[in-house]
Amino acid sequence: MTDKAVDNGVNVEALLSAREALSEAPAGAQFQWRATCKWVNGTHSRSTVEGFHGLGEEQKHKTKFTFDADHPEIFASEDKGATPVELVLAGLASCLTAGVASVAQLREIQLNSVSATLEGDMDIQGILGIDSDVRNGFEGIRVTYDIDADATHDEIEAVVAQSQKRSAVYDLITNPTNVTVKVT
Amino acid sequence: MRTTAVIIGAGHNGLAMSRCLAEHSIDHVVLERGEVANSWKTERWDSLRLLTPNWQSRLPGFAYEGGDPDGFMTMPEVIDFIERYADMISAPVEIGTTVSSVRRTDDGYEIDSTQGRWQCRTVVLAAGACNIADVPNLAQAIPSSITTLTPMQYRNAGQLEEGGVLVVGASATGTQLADEIHRSGRPVTLAVGEHVRMPRVYRGKDILWWMDAAGILDERYDEIDDIKRARKVPSPQLAGSPQCSTLDLNALTDIGVKLVGRLAGVNDGRAQFSGSLRNNCALADLKMNRLLNTIDEWATENGLDNEVSPSHRFETTAVEDSPPLGMNLLSGEIRTIIWATGFHPNYSWLDLPVLDRKGEVRHDGGVAESPGMYLMGMNFLRRRKSSFIHGAGDDARELSAHLASYVDGRTTSALRR
Chain V
1 MTDKAVDNGV
11 NVEALLSARE
21 ALSEAPAGAQ
31 FQWRATCKWV
41 NGTHSRSTVE
51 GFHGLGEEQK
61 HKTKFTFDAD
71 HPEIFASEDK
81 GATPVELVLA
91 GLASCLTAGV
101 ASVAQLREIQ
111 LNSVSATLEG
121 DMDIQGILGI
131 DSDVRNGFEG
141 IRVTYDIDAD
151 ATHDEIEAVV
161 AQSQKRSAVY
171 DLITNPTNVT
181 VKVT
Chain L
1 MRTTAVIIGA
11 GHNGLAMSRC
21 LAEHSIDHVV
31 LERGEVANSW
41 KTERWDSLRL
51 LTPNWQSRLP
61 GFAYEGGDPD
71 GFMTMPEVID
81 FIERYADMIS
91 APVEIGTTVS
101 SVRRTDDGYE
111 IDSTQGRWQC
121 RTVVLAAGAC
131 NIADVPNLAQ
141 AIPSSITTLT
151 PMQYRNAGQL
161 EEGGVLVVGA
171 SATGTQLADE
181 IHRSGRPVTL
191 AVGEHVRMPR
201 VYRGKDILWW
211 MDAAGILDER
221 YDEIDDIKRA
231 RKVPSPQLAG
241 SPQCSTLDLN
251 ALTDIGVKLV
261 GRLAGVNDGR
271 AQFSGSLRNN
281 CALADLKMNR
291 LLNTIDEWAT
301 ENGLDNEVSP
311 SHRFETTAVE
321 DSPPLGMNLL
331 SGEIRTIIWA
341 TGFHPNYSWL
351 DLPVLDRKGE
361 VRHDGGVAES
371 PGMYLMGMNF
381 LRRRKSSFIH
391 GAGDDARELS
401 AHLASYVDGR
411 TTSALRR
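In order, the protein sequences belong to chains V and L.
If you read the first sequence in my numbering, its first letter stands for residue 1, the second for the next number, and so on.
If you read the second sequence in my numbering, its first letter stands for residue 1, the second for the next number, and so on.
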């Protein structure tokens, strides 16, 4: 879409035409994301993602992806994987970073490097049931981006702000979601 | 009864169109459910002033001629302005005529009203963009001990119980009500989602003077990137006051209004606020600075830098480190909630398949898909200024020309320019 060689590896034309097509046919925009999880041992579990639903039919990743989760040894665990809350931070980082690349491409901004550092503060008196006034989850999350791009500081800030506005995981974390857990 | 064109609504839009149709010698009638300027008379709070300065109040063949061009009209002044316009142009207004149905016929439209049936070739929908206040679904979960109001029911702070008020929405309406209610001694919490920040005055000139002069208000619907998004942009945080003061979130924080994130849910009597307040404020600050950059560039290109005060930037919006994510609605702290969450038009009388899935009339710059049907007064209908009083003029001139050629049989499809 431009004669400048801005290339962040994002196919913006495909995204824009998908947006156009789905606004005409909103049923195709109904997606379902899935994961399965198997307990391994102790606090170690392994989650798998493969199939999902979207564009009106069943879809599949090219390969099955697995994620091990566990807790570190100071929790008397075997540390066979990231903690689940770290996976949440990773999910947020990946979602925002994908957004940064896409928005930058759309705005014809060449990215040279993008790195994000995430910190989530947690008072574990909550999860240990020591103090019921303390919530289980993060008290707050800080994301710090270090971005080298062919753009002004304000333009980079605007890309990062826009990526938050369009991010699914940012929305999941900042807004409540009904969660239903049942046992078959 | 038969006529060539029926205009529905005798506000500034319908009247501007009436004036333009008269210039094309097109026989028409303006049907008005109440009186001229009805919404301005019956659906606005007491202290409201126009957010556009007086000099900008102009309609085809008519303009403000008072002694305070930089002031902002009160509602009685707006009503007087529109009534004088209706008199001056001798608009053929049928007052007390509520439309109950608009149907397509072989050669035009059939309109039922409380004063009888009209047959016409063309119809202009000018009944306003803000007939019904939007209330989010989560309103159903608000505890019954709390009084809830829309801006259409609000007149002044005196009608509210003493005690705390949660104003939901921080656009032009929400910020103005938050300011007035907080100053009445009722502590206000303001739930802030996406919003548009603007200073009232920049470099010594009204912000709307700059936007007018630099051509920003004249930007056309068919010349901008994403018209769908542009039409959804919330109204700017602007108020018309004799002091010309800025009404941004910092101004509200300064008087003690408490800012929280967008109202995202109500659960077991607890309001849940989004953790996105900081980003929504950052987006608004960045967007405002882009507007100021555009203005600065225009000022330089046009040699104004020595005539106006120097370029500067405003403080970023102050957001506390950890804004509250929830609030107990059962504690009695909050007595009233006001839904300043937007408005939408009422098309319940439109018996035609012209609405999109969001309930809006499908149109190309005010030319509806249904031949001979036109729309006025919507956000960014043809230009950024379309929803402003002075925006009615250019839209009415162009759409009346289209209508006239349609009646003459010269066009059958949408004429874009």
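Here a beta-carbon is modelled for each residue, glycine too, at the ideal position from N, C-alpha and C.
Please read these numbers as outputs of a predicted model, since none were measured by experiment.
For residue 272 of chain L, decide whether its Cβ has a neighbour in chain V, counting only Cβ atoms nearer than 8 Å. Residue numbering aside, residue 272 of chain L sits at position 272 when the second sequence is read from its first letter. Interface annotation, residue 272 of chain L: in contact with chain V, CB-CB separation under 8 Å.
Rank L/164, L/57, L/90 and L/88 by C-alpha distance to the C-alpha of residue 145 of chain L and give the top, closest one. As a first step, residue 145 of chain L is located in the second sequence; it is residue number 145 there, counting from the start. Nearest to residue 145 of chain L by alpha-carbon distance, out of L/164, L/57, L/90 and L/88, is L/164.
Which residues in the same chain have their Cβ closer than 8 Å to the Cβ of residue 32 of chain V, if we skip the five residues on either side of it in sequence? As a first step, residue 32 of chain V is located in the first sequence; it is residue number 32 there, counting from the start. These residues qualify, in order along the chain: 52, 53 and 54.
Segments assigned alpha helix (DSSP H), at least 4 residues, entirely inside the stretch 276-360 of chain L: Every alpha helix (DSSP H) of 4 residues or more that sits fully in the stretch 276-360 of chain L is shown, in chain order, as 277-301.
Which residues in chain L sit within 9 Å of residue 154 of chain V, going by Cβ to Cβ distance? By 1-based counting over the first sequence, the position of residue 154 of chain V is 154. Under the 9 Å cutoff, chain L gives 286, 289, 290 and 293.
Could you check what DSSP says for residue 190 of chain L in three-state terms: helix, strand or coil? For the purposes of this step, residue 190 of chain L is taken as the residue at position 190 of the second sequence. Three-state DSSP puts residue 190 of chain L in a strand.
Whose C-beta lies closer than 7 Å to the C-beta of residue 20 of chain V among residues of the same chain, with five residues either side of it excluded? As a working note, residue 20 of chain V is residue 20 in the first sequence. Around residue 20 of chain V: no qualifying Cβ.
Given residue 290 of chain L, which residues of its chain have a CB within under 8 Å of its CB, disregarding the five upstream and five downstream residues? Sequence index remark: in the second sequence, residue 290 of chain L carries index 290 (1-based). No residues qualify anywhere along the chain.
My output table needs one value for residue 227 of chain L: the three-state DSSP class, helix, strand or coil. For the purposes of this step, residue 227 of chain L is taken as the residue at position 227 of the second sequence. Here residue 227 of chain L sits in helix by DSSP.
Rounded to the nearest angstrom, what separates residue 380 of chain L and residue 208 of chain L at their Cα positions? Residue 380 of chain L sits at position 380 when you count from the first residue of the second sequence. Residue 208 of chain L sits at position 208 when you count from the first residue of the second sequence. Going by the C-alpha atoms only, they are around 16 Å apart.
Near residue 93 of chain V, what residues of its chain come up, given a Cβ to Cβ distance below 6 Å and the 5 sequence neighbours on each side ignored? Counting from one through the first sequence, the residue named residue 93 of chain V turns up at place 93. Non-local beta-carbon contacts of residue 93 of chain V in its own chain, meaning distances under 6 Å to residues more than five positions away in sequence, involve 116 and 118 in chain order.
Sub-8 Å separation of residue 317 of chain L and residue 250 of chain L beta-carbons: In the second sequence, counting from the first residue as 1, residue 317 of chain L sits at position 317. In the second sequence, counting from the first residue as 1, residue 250 of chain L sits at position 250. In this structure, residue 250 of chain L lies closer than 8 Å to residue 317 of chain L by Cβ.
Would DSSP call residue 39 of chain V helix, strand or coil? Working through the first sequence from its first residue, we reach residue 39 of chain V at position 39. Strand.
Straight-line gap, residue 200 of chain L to residue 45 of chain L (C-alpha atoms, nearest Å): Looking up residue 200 of chain L in the second sequence gives position 200. Looking up residue 45 of chain L in the second sequence gives position 45. Straight across, the Cα-Cα distance linking residue 200 of chain L with residue 45 of chain L is about 21 Å.
C-beta atoms of residue 313 of chain L and residue 248 of chain L nearer than 8 Å: For the purposes of this step, residue 313 of chain L is taken as residue 313 along the second sequence, with counting starting at 1. For the purposes of this step, residue 248 of chain L is taken as residue 248 along the second sequence, with counting starting at 1. Contact flag unset, no.
Is the number of C-beta pairs between the stretch 153-161 of chain V and the stretch 172-182 of chain V that are closer than 8 Å three or more? The answer is no - the stretch 172-182 of chain V does not touch the stretch 153-161 of chain V, with fewer than three Cβ pairs under 8 Å.
Under 7 Å by beta carbon: chain V residues contacting residue 265 of chain L: As a first step, residue 265 of chain L must be located in the second sequence, where it is residue number 265. Against chain V, a Cβ distance below 7 Å from residue 265 of chain L picks out 176.
Look up residue 140 of chain V in the DSSP assignment and give the residues it is bridged to. The residue given as residue 140 of chain V occupies position 140 in the first sequence. V/121.
Could you tell me the distance, in whole angstroms, from the CA atom of residue 383 of chain L to the CA atom of residue 108 of chain V? Indexing the second sequence from 1 puts residue 383 of chain L at position 383. Indexing the first sequence from 1 puts residue 108 of chain V at position 108. Between the alpha carbons of residue 383 of chain L and residue 108 of chain V lies a gap of roughly 26 Å.
Using the Cβ count rule (16 or more neighbours within 10 Å means buried), how would you classify residue 24 of chain V? Counting from 1 along the first sequence, the entry for residue 24 of chain V is found at position 24. Per the 10 Å Cβ criterion, exposed.
Okay, do the stretch 221-233 of chain L and the stretch 361-380 of chain L touch, 3+ Cβ pairs below 8 Å being the bar? The stretch 221-233 of chain L vs the stretch 361-380 of chain L: in contact.
Just to confirm before moving on: does the CB-CB distance between residue 32 of chain L and residue 5 of chain L stay below 8 Å? If you number the second sequence from 1, residue 32 of chain L lands on position 32. If you number the second sequence from 1, residue 5 of chain L lands on position 5. In this structure, residue 32 of chain L lies away from residue 5 of chain L, with their beta-carbon atoms at least 8 Å apart.
Please decide whether residue 169 of chain L counts as near chain V, where near means a Cβ-Cβ distance under 8 Å. Sequence index remark: in the second sequence, residue 169 of chain L carries index 169 (1-based). For residue 169 of chain L, the answer is no, since every Cβ of chain V falls outside 8 Å of its Cβ.
Are the Cβ atoms of residue 385 of chain L and residue 308 of chain L separated by less than 8 Å? Your numbering for residue 385 of chain L matches position 385 in the second sequence. Your numbering for residue 308 of chain L matches position 308 in the second sequence. By the CB criterion at 8 Å, residue 385 of chain L and residue 308 of chain L fall outside the cutoff.
Whole angstroms is fine: what's the gap from residue 58 of chain L's alpha carbon to residue 17 of chain L's? The residue given as residue 58 of chain L occupies position 58 in the second sequence. The residue given as residue 17 of chain L occupies position 17 in the second sequence. Looking at the two C-alpha atoms, the distance is approximately 13 Å.
Taking Cβ to Cβ, would you say residue 286 of chain L is nearer than 8 Å to residue 259 of chain L? Taking the first residue of the second sequence as 1, we reach residue 286 of chain L at position 286. Taking the first residue of the second sequence as 1, we reach residue 259 of chain L at position 259. No, the Cβ-Cβ distance between residue 286 of chain L and residue 259 of chain L is not below 8 Å.
Can at least three beta-carbon pairs, one atom from the stretch 130-137 of chain L and one from the stretch 330-350 of chain L, be found at a separation below 8 Å? Yes, they touch.
Rank L/176, L/295 and L/297 by C-alpha distance to the C-alpha of residue 240 of chain L and give the top, closest one. Residue mapping note: residue 240 of chain L aligns to position 240 of the second sequence, counting from 1. Per the Cα distances, L/176.
Looking only at C-alpha atoms, which of V/173, V/59 and V/5 sits nearest to residue 141 of chain V? Here residue 141 of chain V refers to the residue found at position 141 when the first sequence is read from its first residue. Nearest of V/173, V/59 and V/5 to residue 141 of chain V, Cα basis: V/173.
Excluding the 5 residues flanking residue 183 of chain V on each side, which residues of the same chain have their C-beta closer than 6 Å to its C-beta? As a first step, residue 183 of chain V is located in the first sequence; it is residue number 183 there, counting from the start. Cβ within range, chain order: n/a, list empty.
Are the CB atoms of residue 86 of chain V and residue 79 of chain V within a distance shorter than 8 Å? To locate residue 79 of chain V, count along the first sequence from 1; it is residue 79. To locate residue 86 of chain V, count along the first sequence from 1; it is residue 86. No, the Cβ-Cβ distance between residue 79 of chain V and residue 86 of chain V is not below 8 Å.
Under 8 Å, do residue 113 of chain V and residue 148 of chain V count as touching if we go by C-beta distance? By one-based count along the first sequence, residue 113 of chain V stands at place 113. By one-based count along the first sequence, residue 148 of chain V stands at place 148. Yes, they are a contact pair.
Over the uninterrupted alpha helix (DSSP H) stretch that includes residue 402 of chain L, give me the two end residues. Position 402 of the second sequence, counting from 1, holds the residue named residue 402 of chain L. Where residue 402 of chain L is concerned, the enclosing alpha helix (DSSP H) stretches over 391-407.
Taking CB distances under 8 Å as the criterion, tell me whether residue 331 of chain L reaches chain V. On the second sequence, residue 331 of chain L is found 331 positions in, with the first residue counted as 1. No, residue 331 of chain L lies away from the interface with chain V (no Cβ there is under 8 Å from its Cβ).
Rounded to the nearest angstrom, what separates residue 152 of chain V and residue 105 of chain V at their Cα positions? One-based indexing of the first sequence puts residue 152 of chain V at position 152. One-based indexing of the first sequence puts residue 105 of chain V at position 105. C-alpha separation (whole angstroms): 15 Å.
With a cut-off of 8 Å, does the C-beta of residue 9 of chain V fall near any C-beta of chain L? Position 9 of the first sequence, counted from the start, is the residue given in the question as residue 9 of chain V. False, the Cβ-Cβ gap to chain L never drops below 8 Å.
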